[in-house]
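Remarks on the structure that follows.
This is the structure:
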């Protein structure tokens, strides 16, 4: 994979991303279990890794989640601004986040 330095895969050791693929007219089914995460996600601990993950995503995605370590939550928010700026440049806007133990899971959706 060209340009994906620092990323071991969507749910690799360096970081995790969940995606929602575009519908091809098929009925959307959900496998969500209340209070349970079915796919383990290790948070990104570097801005470069998170940005590489965003760059590697297909632009046609409706939404995705990105786990970011609390280590990247600096006082001014500069590191998260770099990550969010890349998502905005690629056509996704942030819609929410959940604080977890040691990281935040940010949700992004495609802009209209």
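In the working numbering, the protein residues as written are 79 to 190. Backbone N, C-alpha and C fix where the C-beta goes; we use that ideal spot for every residue, glycine too. Source: prediction; values computed, not measured.
Cβ-heavy atom distance, residue i to the ligand MG, below 6 Å
| i | result |
| --- | --- |
| residue 124 | As for the ligand MG, it is missing from this structure, which has no ligand bound. |
With 16 other Cβ atoms within 10 Å as the buried cut-off, status of residue i
| i | result |
| --- | --- |
| residue 158 | buried |
| residue 130 | buried |
| residue 189 | exposed |
| residue 150 | buried |
| residue 161 | buried |
| residue 155 | exposed |
Beta-bridge pairing of residue i - partner residues as DSSP gives them
| i | result |
| --- | --- |
| residue 153 | For residue 153, which the question treats as bridged, DSSP gives no partner whatsoever. |
Residue from the options whose Cα sits closest to the Cα of residue i
| i | options | result |
| --- | --- | --- |
| residue 167 | 137, 148, 150 | 137 |
Cβ-Cβ distance between residue i and residue j below 7 Å
| i | j | result |
| --- | --- | --- |
| residue 175 | residue 145 | no |
Alpha helix (DSSP H) segment containing residue i, residue limits
| i | result |
| --- | --- |
| residue 136 | Run containing residue 136: none; DSSP gives neither H nor E here. |
Opening and closing residue of the beta strand (DSSP E) in which residue i lies
| i | result |
| --- | --- |
| residue 189 | Looking at the DSSP string, residue 189 is not in any beta strand (DSSP E), and its letter there is neither H nor E. |
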